[in-house]
Amino acid sequence: MTNLITIKNLSIAIRKQVILNDINLDLKKGECLTVVGASGSGKSSLALAILGLMQPNQGTITFHVDPKTPKAKTVQIVWQDIHSSLNPTMSVEDLILEPLHIIGTYSKEKQKEKILSVLRLVNLPLSVLRLKPHKLSGGQKQRVAIAKALVCEPDLLICDEPISALDTLNQSLILELFQTIKQQCESTLLFITHDMSAAYYIANTIAVMDKGSLVEYAPREKIFTDPKHQKTQELLDAIPLFSLEDTECNHSYTSHEKVLI
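Just so we're aligned: 69 in the UniProt record's numbering is position 69 of the sequence shown, and the numbers increase by one with no gaps anywhere.
Quick look at the structure:
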């Protein structure tokens, strides 16, 4: 796979406090890279840097896309706080159409086609289009946020702790939705979470962060079967113990490779 994003020697400090320290990684087209770490490890700061909302003190972030591609078409994000990320004065229809209006090259007919397609993808009925966010459940709000992010088919979809504010049932349903997105959409996913069980379920590659540094970066199976860094092992040890057979790899996980999905 070819690279969508190349990050080299990325460092960010604010008032001498190190936020990101010499980050190097490649995000490949079509993969799901999951960034895992405890609160304050730098996961969300990395997302903000990729979005251009935090400026690096050193290093580069390079998008391997046509330079004429609109920013809204290059990258979209599903924010952690679903309740404040949706404008309460706008209808669901206007919220989902907003990225298309920003790009400005879609006819009314094409906008209708895209909104119908993305509603089917996220499993929302047409009846939600006229509603405002306060009329939606938490799970519905998250599906609207995902639909809004996907309607313009971005090259990169960043998901910043997209299940942390949901109840257990909706966490499972939204993870299933992201699996569907991986299979049906061409967007690359950057999935940020503190939950290694979610990382196991969704990731192709896992990057483990601690105190602003990237401490381990490997394919999912390697992280779960042969962790190299103490922080990775601590995150694995925090997962409730269940015996799971990984049908994709035809591999039965041993006791230290515990996972909950």
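Glycine included, every Cβ here is placed at the ideal spot set by N, Cα and C.
These numbers were taken from a predicted model, which means no experiment stands behind them.
I'd like to know whether the C-beta atoms of Lys28 and Leu4 end up nearer to each other than 9 Å.
yes
For Asp22, tell me which candidate among Gly212, Glu186, Cys159 and Val144 has the shortest Cα-Cα distance.
Gly212
Out of curiosity, what's the CA-to-CA distance linking Ile239 and Asp195?
8 Å
Just to confirm my understanding: we take Asn57, look at its own chain, exclude 5 residues before and 5 after, and list those with CB closer than 8 Å. What are they?
Ser11, Ile12 and Ala13
Return helix, strand or coil for Ile163, following the three-state DSSP convention.
Ile163: coil per DSSP, three-state reduction.
Do Leu119 and Cys152 have their CB atoms nearer than 9 Å?
no
Spell out the partners DSSP gives Ser11 in its beta bridges.
Gln58
Who are the near neighbours of Asn123 in its chain, counting only those whose CB is closer than 8 Å to its CB and skipping five residues on each side?
Arg143 and Leu177
Within 10 Å of its beta-carbon, does Leu53 have 16 or more other beta-carbons around it, so buried, or fewer, so exposed?
Exposure of Leu53 is indicated by the presence of fewer than 16 other C-beta atoms within 10 angstroms of its C-beta.
Are the beta-carbon atoms of Gln184 and Leu121 separated by less than 9 Å?
yes
Going by the CB atoms, is the gap between Thr74 and Lys8 shorter than 9 Å?
no
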